[in-house]
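Chemist: Before I ask anything, here is the structure I am working with.
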Amino acid sequence: MSTVQLRRPPSGVDRPEVPRGSREFRPRLRAAAVRYGPVLLTYGVLKLAGFAVFMYLLDSAGDFRKKNPRFGGGEHPWDVLASWDGWWYQQIAEHGYDPALKPVPGATGLITLEGNSAAFFPLYPTLMRLVSECTGLGLYGAGLTVSVIASFAAALGIYAVAQRLGGHRAGLVAAGLWAVWPGSGTEWSGYSESLYTALAAWACHAVMTRRWLTAGLLTCAAGLCRPTAVALVAALAVAAVLSLRRREDGVRRPLAAVAVAPLGLFGYLAWVNYRMGDINGYSKLQDGAWAHKFDWGVHSFNVLTSVPVGHFDYLFAMPFEDVIGVCVVLMVPVLTVLLVRLRPPAVLVVYTVLSYLMVMTTQQYFGNVSRYLLPLFPLFVPLALAMRRLRWPSLATALGTSALASGSYAGYVLFVLGVP
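Numbering (the numbering used here), first residue to last: 250 to 669.
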């Protein structure tokens, strides 16, 4: 008896083969969406709520309409976001740099030099120009695009650090705290805080996961963003020394990271000083044009001893903003102690402590410390570990209320009542 084999008739059209790489990529993409989607959603919702309140307060008060567009004014509420430092960044993106120390004729007070764009580091305006040329957006739109994308990248980096120390829920809370922290009004504006914090958070995470070259490159990029990156450079160096002592990752990778990390920061400062013809040109510009200088904490001490007794007769006094600044400054040591008690990686502690000391030992507009201390994301960790115990309704209420309030204390107060 013969056996008849039945064959499927040809369909007429061959099914295209799905490349193996594509088959492997889709599950990874879905897994990333499941893992990181809640982080982006948490940060985005909270930040959008605070931003909406900020815009409402600006429009309802209307004070910005009476101000110079360069100094917190404009035709529309959103114009305020690209004023103050945002104006300087747009000038750099459009015209580049011309470092110089130009005296103000006849000036004898605090301000003796003309402001110069060299005081502002190049990474943010460079990305602004790049996005503008690639998308056709104006410099304003390009700057906000860079800031918003960087703010989400920072939220993911903060989540990644906190998640390693306290789990998924703690990471979510930490990302939420990034959205409502004092000074967070600059996250969606023409400022470099979001970009710097994203680089710092992922650099610290790279050190924690022992990816030394990545950490070095990210720290180098952070050094092209803000001068306070010297704290991040030092933190990476300390972590590398500890790794060498423990013989965890060999010698070459930690040393390579230490060698690469300071190139951005010191390279830019060396270029500015060379162009100015003064080995200390950058510091002289900050002092003479903005009255920002290292003073061993004298100015901070004057503020901290004046505000609690209701005196506002110190330099650059701004009562409402300074009260918020004092609260933030006094909160940092408490949170730092709580952070140390968790025994986190040394890179987080060194970065936090040195960043704090750099701000506190500098003469500047004290009310701006809520912005200057915004990149101290490791401080979110002890709070996140405590708040993760709350039930979801309580947690949503706490973060949601803070988000709405942040439109005032982290946005309006900084941009309108102060000088961000």
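C-beta atoms are modelled at their ideal positions from N, C-alpha and C, and glycine is treated no differently.
Given this structure, state the Cα-to-Cα distance separating residue 657 from residue 306, to the nearest angstrom.
Modeler: Within the sequence shown, the letter at position 408 stands for residue 657. Within the sequence shown, the letter at position 57 stands for residue 306. So the alpha carbons of these two residues sit roughly 7 Å apart.
Chemist: Under the assumption that residue 659 contacts residue 432 (Cβ atoms under 8 Å), give the Cβ distance between them as a whole number of angstroms.
Modeler: Residue numbering aside, residue 659 sits at position 410 when the sequence shown is read from its first letter. Residue numbering aside, residue 432 sits at position 183 when the sequence shown is read from its first letter. Between residue 432 and residue 659 the Cβ distance is about 6 Å, and since that is below 8 Å, they are a contact.
Chemist: What residues in its chain sit with their C-beta under 8 Å from that of residue 573, if we drop five residues either side in the sequence?
Modeler: Locating residue 573 in the sequence shown gives position 324, counting from the first residue. Cβ-Cβ distances below 8 Å link residue 573 to 431, 616, 619, 658 and 662 in the same chain, with the five nearest sequence neighbours on each side left out; the list follows chain order.
Chemist: List in chain order: all unbroken alpha helix (DSSP H) runs of 4+ residues lying wholly within the stretch 296-357.
Modeler: 334-344
Chemist: Can you tell me whether DSSP reads residue 412 as helix, strand or coil?
Modeler: Your numbering for residue 412 matches position 163 in the sequence shown. It is helical.
Chemist: Identify every residue that forms a DSSP beta bridge with residue 612.
Modeler: For this step, residue 612 is matched to residue 363 along the sequence shown. Paired residue(s): 542.
Chemist: Applying the 10 Å Cβ sphere with the 16-neighbour rule, what's the burial state of residue 277?
Modeler: Counting from 1 along the sequence shown, the entry for residue 277 is found at position 28. With fewer than 16 other Cβ atoms within 10 Å, it is exposed.
Chemist: The alpha helix (DSSP H) that contains residue 417, what's its start and end?
Modeler: Residue mapping note: residue 417 aligns to position 168 of the sequence shown, counting from 1. Taken as a continuous stretch (DSSP letters only), the alpha helix (DSSP H) holding residue 417 covers 417-429.
Chemist: What is the rounded straight-line gap between the Cα of residue 393 and the Cα of residue 405?
Modeler: Walking along the sequence shown from the start, residue 393 turns up at place 144. Walking along the sequence shown from the start, residue 405 turns up at place 156. If you take the alpha carbons of residue 393 and residue 405, they lie about 19 Å apart.
Chemist: Going by C-alpha distance, which of 548, 637, 651 and 643 is nearest residue 412?
Modeler: The residue you call residue 412 lines up with position 163 of the sequence shown. Residue 412 has its Cα closest to that of 637, out of 548, 637, 651 and 643.
Chemist: Between the Cα of residue 299 and the Cα atoms of 435, 345, 377 and 352, which residue gives the shortest distance?
Modeler: Here residue 299 is taken as the residue at index 50 of the sequence shown, counted from 1. Looking at 435, 345, 377 and 352, the one whose alpha-carbon comes closest to that of residue 299 is 435.
Chemist: Exposed or buried, what is residue 427 when buried is set at 16 or more other beta-carbons lying within 10 Å of its beta-carbon?
Modeler: To locate residue 427, count along the sequence shown from 1; it is residue 178. By the neighbour-count criterion, in which a residue is buried when 16 or more other Cβ atoms sit within 10 angstroms of its Cβ, residue 427 is buried.
Chemist: At 3 residues or longer, what runs of the beta strand (DSSP E) sit wholly inside the stretch 422-484?
Modeler: Counting whole runs of 3 or more residues, the stretch 422-484 contains no beta strand (DSSP E) stretch at all.
Chemist: Using DSSP with H/G/I as helix, E/B as strand and the rest coil, what is residue 362?
Modeler: The sequence position of residue 362 within the sequence shown is 113, counting from 1. Three-state DSSP puts residue 362 in a strand.
Chemist: Once you ignore the five residues that flank residue 525 on each side, which residues in its own chain have a CB closer than 6 Å to its CB?
Modeler: Taking the sequence shown and counting its residues from 1, one reaches residue 525 at position 276. Closer than 6 Å at the Cβ level, and outside the excluded window around residue 525, lie 348 and 350.
Chemist: Give a yes or no on whether the minimum CB-CB distance between residue 358 and chain C is below 8 Å.
Modeler: The structure shown contains no chain C; it is built from a single protein chain.
Chemist: Would you kindly work out how many angstroms separate the C-alpha atoms of residue 441 and residue 625, rounded to a whole number?
Modeler: As a position in the sequence shown, residue 441 is number 192, starting the count at 1. As a position in the sequence shown, residue 625 is number 376, starting the count at 1. Straight-line Cα distance between these residues: approximately 14 Å.
Chemist: Cα separation between residue 352 and residue 363?
Modeler: Residue numbering aside, residue 352 sits at position 103 when the sequence shown is read from its first letter. Residue numbering aside, residue 363 sits at position 114 when the sequence shown is read from its first letter. Going by the C-alpha atoms only, they are around 6 Å apart.
Chemist: How many angstroms separate the CA atom of residue 575 from the CA atom of residue 518?
Modeler: In the sequence shown, counting from the first residue as 1, residue 575 sits at position 326. In the sequence shown, counting from the first residue as 1, residue 518 sits at position 269. Answer to the nearest angstrom: the Cα atoms are 31 Å apart.
Chemist: Between which two residues does the alpha helix (DSSP H) holding residue 522 run?
Modeler: Position 273 of the sequence shown, counting from 1, holds the residue named residue 522. Looking at the DSSP string, the run of the alpha helix (DSSP H) that includes residue 522 is 512-525.
Chemist: I'd like to know if the stretch 414-423 and the stretch 370-380 are in contact, where contact means that at least 3 CB-CB pairs between them fall below 8 Å.
Modeler: no
Chemist: How should residue 446 be labelled, buried or exposed, when 16 other C-beta atoms within 10 angstroms of its C-beta is the threshold for buried?
Modeler: By 1-based counting over the sequence shown, the position of residue 446 is 197. By the 10 Å Cβ count, residue 446 comes out buried.
Chemist: Please classify residue 371: does DSSP put it in a helix, a strand, or coil?
Modeler: Residue 371 sits at position 122 when you count from the first residue of the sequence shown. In this structure, residue 371 counts as coil in the three-state DSSP scheme.
Chemist: For residue 439, count the other beta carbons within 10 Å of its own beta carbon; 16 or more makes it buried, fewer makes it exposed. Which is it?
Modeler: Position 190 of the sequence shown, counted from the first residue, corresponds to residue 439. So residue 439 ends up on the buried side.
Chemist: First and last residue of the alpha helix (DSSP H) that includes residue 496?
Modeler: Position 247 of the sequence shown holds residue 496. That residue, residue 496, is in no alpha helix (DSSP H); it is neither H nor E in DSSP.
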